[in-house]
Each structure stands twice: as structure tokens, then as C-alpha cells.
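Trainee:
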Amino acid sequence: MTPAQTEVSRPRDTSEDPRDGTPVISVRRLWKVFGPKADEVPGSEELCGLTRRELMDRTGCTAAVRDVNFEVSPGEVFVVMGLSGSGKSTLVRCLTRLIEPTAGEIVFEGEDIRDADARRLRELRRSKFSMVFQHFGLLPHRKVVDNVAFGLEIRGMSKAERMKRAMETVELVGLAGYENSYPDQLSGGMQQRVGLARALAGDPDVLFFDEPFSALDPLIRRDMQSEVIRLHHEVGKTMVFITHDLSEALKLGDRILIMRDGKMVQCGTGDELVGAPADDYVRDFVKDVPRGDVLTLRWIMRPAEPDDALDGPELGPDVVVREATRAVLAAEKPVKVVENGKLLGIVGDEEILSVVAGQEGGA
Amino acid sequence: MAAVADATVPVATIRRKVSRPMVVAAILVVWLVLFAALRGRQTLTLAAADLTALHRWLNDVNDSIGANRNSNPLFLYFFNEIRLVIDNLVTFVQSLISQPADGRPVPQIGWLGVVGVTGYVSWAVGNWRVALLAVAGFTFFGLQGLWQESMDTLALTLSAVLVALLIGIPLGVWAGLSDRVNRIMTPFLDFMQTMPTFVYLAPLTLIFLIGGASAVITTVIYAAPPAIRITAHAIRSVPETTVEAADSLGATRMQQLVKVLLPMSKRTVVMGVNQTIMAALAMVTIAALIDAPGLGKTVMQALTSLDVGTAFNAGLAIVVMAIVLDRVTTAAAARTEARRTDGWFLKWRRPLLGAGGVAAAVLVYLSHTYVWAAEFPGDGTVGSHLASGADTATTWMQDHLFGLTNALRDALTNGLLNPFQTLLTDSPWWLVGAVLVALGAVLGGWRAGVTAAVCVGLLVGTGLWSDSMTTLASTAVATVLTMLAGVVFGVWMGRSALVDGLLRPTLDAAQVMPPFVYLVPFLALFGATRFTAIIAGVVYAAPVAIKIIADGVRNVPESTVEAATSAGCNTWQIITKVQLPMARGALTLATNQGLIYVLSMVVLGGLVGAGALGYDVVAGFSQGELYGKGLAAGLAIVLLGVMFDRITQAAARRTRA
């Protein structure tokens with residue numbers, strides 16, 4: 048197997064240029080402040096400059112989300128990552144106004160959600176967004192199929208129609224045969240499948256996930272991550288995914304936004320975070336990531352020197368290092384990194400080994 | 132700066148820990164010294180027939196309200212209307228099951244119909260076992276010769292429960308949905324539940340007169356708070372994620388309520404209905420004091436004439452009714468949970484329910500039409516047997532256990548109660564007041580101290596200082612005994628699952644009994660004295676205290692006990708050095724609940740010769756010229772209750788912190 052122009056395991060087309068096409072969601076200068084004088088904080092230059100602790104001491108307010116900006120493209124899986132208390136769950140709730148934002152814009156398909164009145168907001172929630180919750184939020188007194196159909200019932204869909212749709216979704220998430228069980232008869236992973244099915248049943252444009260797998264066992268978590276990847280391939284929904292788990296973020300996310308104390312620290316693809324961390328916080332975060340699994344040749348290639356032999360094999364710049372290792376090491380000559388027929392640089396044994404063997408090697 | 136604060140905190144706590152018991156001891160020593168010096172001066176005693184200006188003024192208020200009842204617009208268009216509506220409801224329910232109606236010599240539905248409907252309803256909402264229990268229990272009333280009295284009690288209870296739920300559940304939902312409403316309502320509910328059942332009666336008779344209607348109104352006021360509280364709690368305990376999930380799917384507020392909140396809180400609300408029914412039954416029996424018909428009246432008349440046999444017979448009927456109502460509603464709560472596992476039975480349930488309904492309707496028709504099904508056959512010989520049996524047993528006990536019971540009574544009365552009561556009543560009022568305020572401040576902080584000061588001031592103002600101190604002495608002694616029982620049994624239950632399994636059902640059953648019935652057996656044993664009321668209070672309050680302490684001991688982390696065992700502690704050391712100190716919060720809470728329960732029983736003891744405030748209230752109902760004094764005594768009970776509650780609650784908060 049000669050990995051010439053190997054495709055990356057996951058389509059990266061959206062990540063390569065997130066700005067092509069209009070974004071589904073664009074968030075600008077979003078603030079959420081809890082506390083007595085919440086409204087004053089985002090407008091005041093002085094208060095904005097304070098750290099979270101200072102703000103608490105000065106005003107008694109907590110800024111959960113501070114001046115966050117990002118855009119999500121259609122079909123993208125956008126991950127927001129941060130430790131507990133970083134404001135990520137508040138952020139995702141602000142996007143659908145389950146928590147009312149303090150300031151900023153949330154433009155969804157050209158419409159600022161903050162301007163929507165209660166009725167319009169309800170319409171949007173019924174047809175455009177759905178959310179999957181960490182603790183599932185299922186109704187214990189309803190069967191699985193009735194839980195899945197709940198959103199449709201609220202919209203006023205007829206019973207026959209919503210049951211049909213709910214059954215389709217139950218099958219889609221692999222719960223066929225359990226439709227007449229009650230939630231408490233299912234395992235955690237299966238309960239979250241119900242949550243997923245409930246979110247999918249309404250055929251929304253965007254799915255929001257609030258740490259959906261944090262409450263699950265590691266093995267089940269891995270299954271569910273694969274399930275989300277599968278569903279993303281099948282239904283192609285735009286997804287905004289909240290997690291505190293970096294490996295989950297790297298596995299699922301086309302792009303990742305890292306938050307700390309309510310602020311965004313860095314936003315980019317997984318290899319950008321690992322290859323060019325914005326500060327020590329991110330560097331510390333990605334320290335233990337197996338770099339070879341994330342970095343692509345683009346990050347480790349060096350410019351061709353005049354004395355380099357330029358007749359080795361060719362690879363694309365977005366090939367992950369791990370997948371290129373065997374080819375590079377097997378080749379007699381350095382591998383050329385070529386994009387659209389243009390030589391970007393070369394990768395030799397040394398570059399590969401510094402990543403694969405010396406995980407701690409200076410970035 | 133942070134470092135300085137860190138350094139000072141432990142020093143301060145150590146100093147406080149060492150000093151608090153010492154300060155309390157110092158206060159008590161100063162009190163004893165001053166008592167010796169100032170004994171008998173400024174004690175504010177008031178003879179039984181004497182009145183103060185306040186009491187006379189309250190009498191005048193009563194008279195003027197009586198005179199203007201039909202002219203004052205507030206009464207004409209508000210209070211009288213309420214009374215009228217409730218009166219119609221009560222009369223209607225009574226005409227159905229207990230009182231002759233429409234020129235008939237018997238109620239619309241006779242005993243056969245009532246038993247049939249009771250059995251059917253119990254089966255429909257619960258299961259066949261509680262249905263059998265209900266049928267047996269109701270038949271027993273007839274055999275006791277107390278059919279009509281039982282039905283009166285049932286009619287009042289049902290009317291009150293109906294009204295209480297109509298008010299309580301919507302209010303509870305509202306308090307569950309709105310934080311602001313909840314914040315406003317909570318202190319009121321706290322206050323209403325702190326008060327002994329007794330004290331609601333007096334002020335309400337001022338407005339609603341005496342009789343069945345006011346009994347129901349009082350009962351509604353007493354029984355609605357649990358319904359409000361539990362419904363609000365149920366709505367609030369629906370997991371936030373579930374509410375959020377429904378929101379995120381675009382549910383309206385109405386959909387949220389009807390499809391998510393109410394279905395998910397149903398089981399807890401049914402438990403609230405159970406609490407409401409039990410509270411209503413307790414209150415309806417006590418409302419006999421304001422001339423409510425029913426079993427309570429029979430018990431009370433028998434108690435005041437010291438007729439133990441009759442009191443026992445009717446008290447037993449109250450117990451049976453409490454058990455039936457409790458079991459049926461508990462089964463109903465369990466059923467809302469187990470509903471879906473029935474399987475084949477589910478398919479047959481509907482037709483069976485239909486058939487049962489028809490059968491019940493036939494029984495109702497029979498009992499409406501034929502005398503044999505309307506009037507309970509027989510002459511209540513079982514009741515007379517029971518009464519005479521109880522009398523015989525009482526006589527036997529008084530003859531044979533005389534030495535034992537008297538010795539116990541005299542030991543406690545002379546050894547504990549009398550000295551303490553003398554200390555309280557013979558000290559100058561300002562000295563006792565100062566001690567109470569100081570203890571409140573030391574144990575519960577300055578806020579509790581201020582509350583105690585206000586309560587002491589108002590107690591003096593009621594003109595019943597001496598009576599209040601007598602009641603306080605009985606309450607304190609009974610609380611000490613309650614806590615002794617609580618610690619012994621609570622620790623035992625907390626340490627042994629076996630003991631817990633054996634005792635808990637008994638304690639649960641004891642808690643559903645109306646307080647009234649506890650007086651009967653102790654009256655038989657100890658005669659009409661303060662001591663009877665104290666023992667009845669201990670028995671009434673002990674289950675609560677035992678359960679709280681047992682839970683506190685049980686909640687001590689297993690690993691801590693294990694660590695102590697591995698360090699070589701013996702059982703006694705584990706109890707005294709680990710489990711009890713760590714259950715300190717539970718101990719204070721148990722004291723708080725114990726005090727409140729004991730207080731409500733000690734005042735009820737006024738019926739059986741305990742005197743003091745309880746007697747003042749009872750006398751106020753029966754003698755017009757003492758009405759104002761009775762009202763003031765009710766107020767004094769409230770003040771004592773508030774003072775106990777605030778101090779112990781504040782102390783509990785402190786020990787927890």
C-alpha cells in the first residue's frame with residue numbers, strides 16, 4: 048500500500064476553509080453575566096478588563112461568557128471545549144436562549160435570535176434546533192417512542208404521523224426493539240440514544256450537544272462518539288458539541304473552540320491547536336495528545352534545501368503524520384509535500400521521528 | 132490578608148467551642164443564685180378566674196363582633212359568605228352519609244352504601260388488600276356503635292380535604308413555578324406548621340363562630356400547608372435537565388406544565404394528599420373543642436368526665452380511621468408508580484372497574500331505599516364490650532400497678548418537674564425573661580436573642596406569665612424525656628438495620644395518629660395530672676425525634692466509623708466520640724421537632740388536668756367570661772412555640788455551619 052495522496056480518514060473539506068458559504072450560526076461579541084448589575088458589565092471598558100475574580104469582588108457579578116465570537120458553517124461539527132466552569136455550557140444555552148444572553152449577537156440563518164419574541168423563539172426551537180443533554184432529560188413516565196415523539200407532539204403533529212417518524216428515528220439510532228421500554232429500564236448509553244433520537248426526530252438544522260457523553264462509561268462513550276460520527280455522515284447536520292474531553296473534541300470536531308474563564312482562548316482545527324497553541328494554557332492542554340495522530344505533514348515539513356534530493360515519493364500536506372510514517376521511513380529519499388502540483392516542502396526521517404518518538408519535543 | 136483570616140478562624144472557633152457550654156452553665160448558676168435570693172417576688176401570678184385588662188378588652192372585641200356580625204360589611208360580604216359556602220358543603224356531605232336529610236330519618240346513603248363505595252374506591256385507587264382493610268375498618272365503626280359519629284368525622288374530614296386540595300394544589304403549583312411566590316409563601320407555611328393544632332381554634336371562632344363549618348375552616352387552614360408545600364416541592368424536584376429539554380424542543384408554559392411537570396410530580400403530590408388527609412383527621416378530632424360533631428366530641432366528653440372506657444372505644448375508632456385513610460392513600464401513591472408493570476391485569480382492569488362501580492352503585496341504591504341497609508344493624512355491643520373491657524383493664528391497672536405507676540409519676544413529678552416548675556414560676560419574671568433571652572442569644576445568636584426578648588415581652592403582655600412558665604416547665608421536662616428516648620432508640624436504630632426494620636413501621640404508624648388519642652391510655656394509667664400530659668407528649672413526640680436521630684446516625688459516613696473501629700474504638704467510644712458528635716445537626720433538629728410536638732400535646736393536656744395555658748384555652752371555649760383569657764392563652768402558646776422554634780432552628784444552623 049503506497050499512501051500516495053491518502054485521503055484523511057474524515058472529510059476535512061469544511062475545515063479547510065470554514066468561511067466559504069454563509070455560516071449557519073455566527074456569534075458576535077456574546078456576553079453572559081450573572082449578577083445584580085449584569086447589564087453594565089459588557090458595555091464598560093473598565094469592567095471588561097477585569098479578571099473573573101476581580102469582577103466578582105468589584106460588582107458581585109460572574110461573567111460566564113465573555114466576548115465570544117465564532118461562526119459555524121453548514122454541515123460542520125463545531126466543538127466548544129473547556130474545563131468545568133469555563134462557561135461552555137452557558138455558551139451553548141445562550142445560543143438557543145435557554146439562558147438569556149446579556150449582550151452580543153447570535154445570527155442564525157440571517158436572523159438575530161436575540162430579537163426573536165417568545166413565539167418566534169418557540170418556532171425556531173421546534174423546527175430548527177434541538178439539543179442533547181448531559182443528563183438526558185427524558186420523561187420517566189413515557190415510553191421510549193413517546194419520548195422521541197415528544198417534540199413532534201408539542202408541535203401539534205398528528206399521533207399516527209409522529210409515531211411513524213419517531214419509529215424511524217428510533218431505528219436510526221439503533222434502538223429498534225426498545226421502543227416500548229421505559230427510560231429507567233435502559234442503560235445510560237441507551238438512554239442517551241433516546242435523547243439523540245428525540246433531538247433528531249424533529250429534523251432540525253442544527254444539533255446542540257451539551258457534554259452528552261460525560262455521564263457514560265468510557266467504552267460506551269467511545270461507541271456513542273462513533274455513533275455521532277456515523278449519524279453526521281448519514282444526516283449531515285450541523286452540530287455544535289460541548290465537551291471537556293480533548294480527545295473527544297479532536298475525534299469529532301472539524302474545528303475546536305477552547306474556552307477558559309468564559310473567554311475564548313483559541314479557535315481552530317485540531318492540528319492547529321496541537322501544532323500552534325495560542326498560549327501556555329492551550330499548550331498545557333494538548334501536551335499529552337499523541338502528536339502523530341493529529342499533526343499533518345504541513346506542520347512538520349521543512350523548506351527544500353538546494354542539496355535535498357527531490358525525486359522521492361509525494362504526499363499531500365494534510366496527511367496525518369502517523370499515516371505517513373511508514374511511507375517516509377521506507378523511502379530512501381525525503382518525501383515531497385505537494386499540494387495542487389506545487390512543492391510546499393519536504394519531510395525526512397528526522398522530522399517524522401521527532402514527532403513520533405519525541406512526543407515532548409518542542410513545538 | 133487571606134493568610135491572616137485563615138489564621139484567626141480556627142482560634143475563634145476553638146474559643147467558641149470551649150466557651151459556649153460554660154457560658155450556658157454560668158447563666159444557670161447566676162439564675163439559681165438570684166432565685167434563692169429573690170424567690171416569690173414579682174412572679175406575676177394570676178388566679179384562674181382573674182382577668183387582666185387585655186382579657187377584658189378581648190371579651191369586648193368578641194362581644195362587639197358578635198353584635199355586628201350581620202351589619203359589618205367585612206363580615207356581611209366576606210367572612211359570612213365563606214362560612215355559608217363551607218356550611219353548605221358540610222351540610223351536604225353530612226346529609227349524604229351521616230345526618231338525617233330531606234325529612235328522611237336516615238342519611239341519603241346508609242352504611243351498606245358507604246362501605247361499598249369505600250371498598251370500591253380503595254380498590255380502584257389502591258389495591259384489593261387496602262380495600263378489604265377499609266371495608267373491615269368501616270364495618271368495625273358500626274359494630275362499635277359509633278357509625279354516625281364516625282361518619283360525621285369522615286364528612287368533616289372529606290369536606291376539609293376537598294377544600295384544602297382545591298386551594299393547596301394550585302397554590303403549590305404556583306409556588307413550584309415561581310421563585311418569588313415560593314419565597315413569600317415559605318415563612319407563612321413554616322409558621323403555620325410550627326403552631327400546635329390547638330391555637331388555630333380560638334381566633335377563628337371569633338370570626339366564624341363555633342360548629343361544623345368553623346371546624347372545617349380551621350382544618351383547611353391546618354391541612355392545606357402540607358399540600359402546598361409538597362406540591363411545590365414535587366414541581367421543584369423535577370430535574371432541571373428535563374425542563375430544559377422540553378424548553379429546547381419549544382414547549383409552551385402550558386405544555387411544560389401539563390406534559391412534563393404535573394405527570395412527573397404526580398406521585399409526590401399523592402403523598403401530599405396523604406399528609407393533608409392525616410392532618411385534617413387530626414384537626415377534625417381536636418375541633419371537637421369548638422363543637423364539631425363526630426368521634427372527637429365523644430372522646431373529649433369522655434375525657435373530661437374521666438370515662439376511660441368510652442374514650443377508649445371512640446379513640447380506637449379514630450385510630451382505625453387513621454389507619455384506613457393512611458393505608459389507602461399510601462397504596463394510591465404506590466400505585467401511581469407501579470402502574471405499568473401489571474401485564475394481563477391491565478387488560479382486565481377497565482371491565483373489572485366498571486363491574487365494581489355497578490356493584491357499588493347497587494349497594495348505594497339499596498342503602499338509600501331499605502332501612503336494613505341504611506341503619507347499621509345491632510346496638511353496638513362490640514363497643515360496649517370494648518368500653519367495659521377498657522374500664523376493667525383500667526381498674527385492674529389502677530389496683531395492681533398502682534405502686535409502679537405512682538412511683539414513676541411521683542419520682543418524675545417531685546424529682547424533676549416540681550423543682551423546675553418552681554424555679555420558673557417562683558423566680559421574678561424579669562429574671563426568667565433575662566435567662567431566656569441570654570440562652571437564646573448564646574445558643575442561637577443575636578437574632579434568636581432578639582426574638583426571645585420580643586416573645587418574653589409579649590408573654591408578659593398576655594397577662595399569663597405564670598401559666599406560661601408552668602407550660603414551659605412541662606414542655607421542657609417532656610422534651611428532655613423525648614430526647615432521652617430519641618437518643619437511645621435513635622442510636623440503636625441507626626446502628627442496627629434489624630432494629631430499624633422492626634421499629635420504623637411502628638413509628639410511622641404512631642405518627643399518623645391524631646394527638647388526641649394518646650391521652651386516653653395514659654389517663655387510664657396515671658389519672659388526671661400534669662404527668663399524664665407529659666407522658667402523652669413524650670410518646671407523641673418520640674417517633675419524630677427517634678427517626679431524625681436514627682437518620683442522623685445512619686448518615687455518618689461508613690468510612691469514618693470504619694476508621695474509628697480500626698483505630699481501636701469500642702462501641703461506646705464510637706457512639707459517643709464519632710456518631711453522636713457527627714449527628715449533632717440531627718440532634719438539634721430532633722430537639723426542635725420534639726419541642727413543637729411536645730408543646731402541642733402539653734396544651735392538649737389541659738383537657739385532662741394539666742392546667743396552665745391548655746386549661747385556659749379550653750375554659751375560654753366553654754365559659755363566656757373567660758373567652759378573652761383563652762384567646763390570650765392561645766397567643767401565649769404561639770409565642771412559646773415561636774420562641775422554641777427560632778432558638779432551636781438558629782442553634783441547628785449554627786451546629787451545621
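From first to last, the protein sequence lines are chains A and V.
Counting from 48, one number per residue, gives the positions in the first sequence under the working numbering.
Counting from 132, one number per residue, gives the positions in the second sequence under the working numbering.
Cβ atoms here follow ideal geometry from the backbone N, Cα and C, with glycine treated the same way.
Return helix, strand or coil for residue 286/A, following the three-state DSSP convention.
Mentor: Looking up residue 286/A in the first sequence gives position 239. Note: residue 286/A maps to strand in three-state DSSP.
Trainee: Please say whether residue 284/A and residue 259/A have beta carbons closer to each other than 9 Å?
Mentor: As a position in the first sequence, residue 259/A is number 212, starting the count at 1. As a position in the first sequence, residue 284/A is number 237, starting the count at 1. No, they are not a contact pair.
Trainee: Mind pulling the chain A residues with CB within less than 8 Å of residue 624/V?
Mentor: As a first step, residue 624/V must be located in the second sequence, where it is residue number 493. Ordered by position in chain A, no residue passes the 8 Å Cβ test against residue 624/V, which lies about 30 Å from the chain.
Trainee: Determine the closest residue to residue 86/A out of 208/A, 209/A, 170/A, 108/A, with distance taken between C-alpha atoms.
Mentor: Residue numbering aside, residue 86/A sits at position 39 when the first sequence is read from its first letter. The shortest C-alpha separation from residue 86/A is found at 108/A.
Trainee: Buried or exposed for residue 298/A, going by 16 or more other Cβ atoms inside 10 Å?
Mentor: Residue 298/A sits at position 251 when you count from the first residue of the first sequence. It counts as buried.
Trainee: If you reduce the DSSP assignment to three classes, tell me which class residue 545/V lands in.
Mentor: On the second sequence, residue 545/V is found 414 positions in, with the first residue counted as 1. DSSP places residue 545/V in helix when its eight states are reduced to three.
Trainee: Listed in chain order, which residues of the region 376–388 of chain V have Cβ atoms closer than 8 Å to some Cβ of chain A?
Mentor: Going along the region 376–388 of chain V in chain order, one finds 376, 377, 378, 379, 380, 381, 382, 383, 386 with a Cβ nearer than 8 Å to chain A.
Trainee: What are the boundary residues of the beta strand (DSSP E) that residue 315/A is part of?
Mentor: Here residue 315/A refers to the residue found at position 268 when the first sequence is read from its first residue. Its beta strand (DSSP E) spans residues 310–315.
Trainee: Tell me, to the nearest whole angstrom, how far the beta carbon of residue 119/A is from that of residue 72/A; I am working on the premise that it is less than 8 Å.
Mentor: Residue mapping note: residue 119/A aligns to position 72 of the first sequence, counting from 1. Residue mapping note: residue 72/A aligns to position 25 of the first sequence, counting from 1. Right, the Cβ-Cβ distance comes to about 4 Å (below 8 Å), so this counts as a contact.
Trainee: Taking all protein chains shown into account, decide if residue 169/A is buried (16 or more other Cβ within 10 angstroms of its Cβ) or exposed.
Mentor: For the purposes of this step, residue 169/A is taken as the residue at position 122 of the first sequence. By the neighbour-count rule (16 or more Cβ atoms within 10 Å), residue 169/A is buried.
Trainee: Using a cut-off of 7 Å between C-beta atoms, extract the partners of residue 304/A located in chain V.
Mentor: Residue 304/A sits at position 257 when you count from the first residue of the first sequence. What residue 304/A touches in chain V: nothing, since even the nearest Cβ is about 21 Å away.
Trainee: Does the beta-carbon distance from residue 336/A to residue 321/A come in below 9 Å?
Mentor: Here residue 336/A is taken as the residue at index 289 of the first sequence, counted from 1. Here residue 321/A is taken as the residue at index 274 of the first sequence, counted from 1. Yes.
Trainee: On the three-state DSSP scale, how would you describe residue 341/V?
Mentor: Against the second sequence, residue 341/V aligns to sequence position 210. Coil, per DSSP.
Trainee: Under 9 Å, Cβ to Cβ, is there at least one residue of chain V near residue 234/A?
Mentor: Locating residue 234/A in the first sequence gives position 187, where the first residue counts as 1. Chain V contact via Cβ: absent.
Trainee: Would you list the residues sitting across from residue 217/V in a DSSP beta bridge?
Mentor: Here residue 217/V corresponds to residue number 86 of the second sequence, with the count starting at 1. According to DSSP, which records beta bridges pairwise, residue 217/V is partnered with nothing at all.
Trainee: Is residue 433/V helix, strand or coil when you go by DSSP?
Mentor: Here residue 433/V is taken as the residue at index 302 of the second sequence, counted from 1. Correct three-state label for residue 433/V: helix.
Trainee: I need the straight-line Cα distance from residue 274/A to residue 411/V, nearest angstrom please.
Mentor: Taking the first sequence and counting its residues from 1, the one referred to as residue 274/A is at position 227. Taking the second sequence and counting its residues from 1, the one referred to as residue 411/V is at position 280. Taking the straight line from one Cα to the other gives about 55 Å.
Trainee: Applying the criterion that 16 or more other CB atoms from any shown protein chain within 10 Å of the CB defines a buried residue, is residue 485/V buried or exposed?
Mentor: Along the second sequence, read from residue 1 onward, the residue named residue 485/V stands at position 354. Residue 485/V comes out exposed.
Trainee: Is residue 493/V near residue 655/V, with beta carbons less than 9 Å apart?
Mentor: Counting from one through the second sequence, the residue named residue 493/V turns up at place 362. Counting from one through the second sequence, the residue named residue 655/V turns up at place 524. No; because the gap between Cβ atoms is not below 9 Å, this pair is not in contact.
Trainee: Between residue 164/V and chain D, is any beta-carbon pair separated by less than 9 Å?
Mentor: The question asks about chain D, but that chain is absent: this structure's protein chains are A and V.
Trainee: Three Cβ pairs or more, each shorter than 8 Å: is that satisfied between the region 278–290 of chain V and the region 227–246 of chain V?
Mentor: Yes, they touch.
Trainee: Quick one: what does DSSP say residue 368/V is sitting in, helix, strand or coil?
Mentor: Residue numbering aside, residue 368/V sits at position 237 when the second sequence is read from its first letter. Reduced to three states, the DSSP call for residue 368/V is coil.
Trainee: Go through the region 702–772 of chain V residue by residue and report every complete run of the alpha helix (DSSP H) that reaches 4 residues or more, in order.
Mentor: Counting whole runs of 4 or more residues, the region 702–772 of chain V contains the alpha helix (DSSP H) stretches 715–735, 743–753.
Trainee: For residue 118/A, name the three-state secondary structure that DSSP assigns.
Mentor: Within the first sequence, numbered from 1, the residue matching residue 118/A stands at position 71. Note: residue 118/A maps to strand in three-state DSSP.
Trainee: Say whether chain V places a C-beta atom closer than 9 Å to the C-beta of residue 350/A.
Mentor: As a position in the first sequence, residue 350/A is number 303, starting the count at 1. Closer than 9 Å: no.
Trainee: Among the candidates 176/V, 689/V, 461/V, 584/V, whose CA atom is the shortest distance from the CA of residue 257/V?
Mentor: Start at 1 with the first residue of the second sequence, and residue 257/V comes out as number 126. For residue 257/V, the nearest C-alpha among the options comes from 461/V.
Trainee: Considering only the alpha carbon of each residue, which of 455/V, 403/V, 595/V lies closest to residue 176/V?
Mentor: Position 45 of the second sequence, counted from the start, is the residue given in the question as residue 176/V. The shortest C-alpha separation from residue 176/V is found at 595/V.
Trainee: Helix, strand or coil: which one does DSSP assign to residue 366/A?
Mentor: To locate residue 366/A, count along the first sequence from 1; it is residue 319. If DSSP states are grouped into helix, strand and coil, residue 366/A belongs with coil.
Trainee: Let me know the secondary structure DSSP gives residue 214/A once reduced to three states.
Mentor: For the purposes of this step, residue 214/A is taken as residue 167 along the first sequence, with counting starting at 1. Residue state, collapsed to three classes: helix.
Trainee: Taking 9 Å as the threshold (beta carbon to beta carbon), is residue 395/V in contact with chain A?
Mentor: Here residue 395/V refers to the residue found at position 264 when the second sequence is read from its first residue. Residue 395/V counts as touching chain A.
Trainee: Whole-angstrom Cβ separation of residue 428/V and residue 442/V, contact assumed at under 8 Å?
Mentor: The residue labelled residue 428/V in the question sits at position 297 within the second sequence. The residue labelled residue 442/V in the question sits at position 311 within the second sequence. Residue 428/V to residue 442/V, Cβ: 11 Å. No contact.
Trainee: How about the region 622–635 of chain V and the region 677–692 of chain V: do they share at least three Cβ pairs that are nearer than 8 Å?
Mentor: They touch, by the three-pair rule.
Trainee: Closer than 8 Å, Cβ to any Cβ of chain V: which residues of the region 141–154 of chain A, in chain order?
Mentor: The residues in question are 143, 145.
Trainee: Applying the 10 Å Cβ sphere with the 16-neighbour rule, what's the burial state of residue 78/A?
Mentor: Position 31 of the first sequence, counted from the first residue, corresponds to residue 78/A. The residue in question, residue 78/A, is buried, as its Cβ has 16 or more Cβ neighbours within 10 Å.
Trainee: For the structure I just gave you, are there three or more beta carbon pairs, one from the region 749–769 of chain V and one from the region 329–338 of chain V, closer than 8 Å?
Mentor: Because the criterion of three Cβ pairs below 8 Å is met, the region 749–769 of chain V and the region 329–338 of chain V touch.
Trainee: Identify which residue in 182/V, 669/V, 325/V, 573/V has its Cα closest to the Cα of residue 615/V.
Mentor: Locating residue 615/V in the second sequence gives position 484, where the first residue counts as 1. The shortest Cα separation from residue 615/V among 182/V, 669/V, 325/V, 573/V belongs to 669/V.
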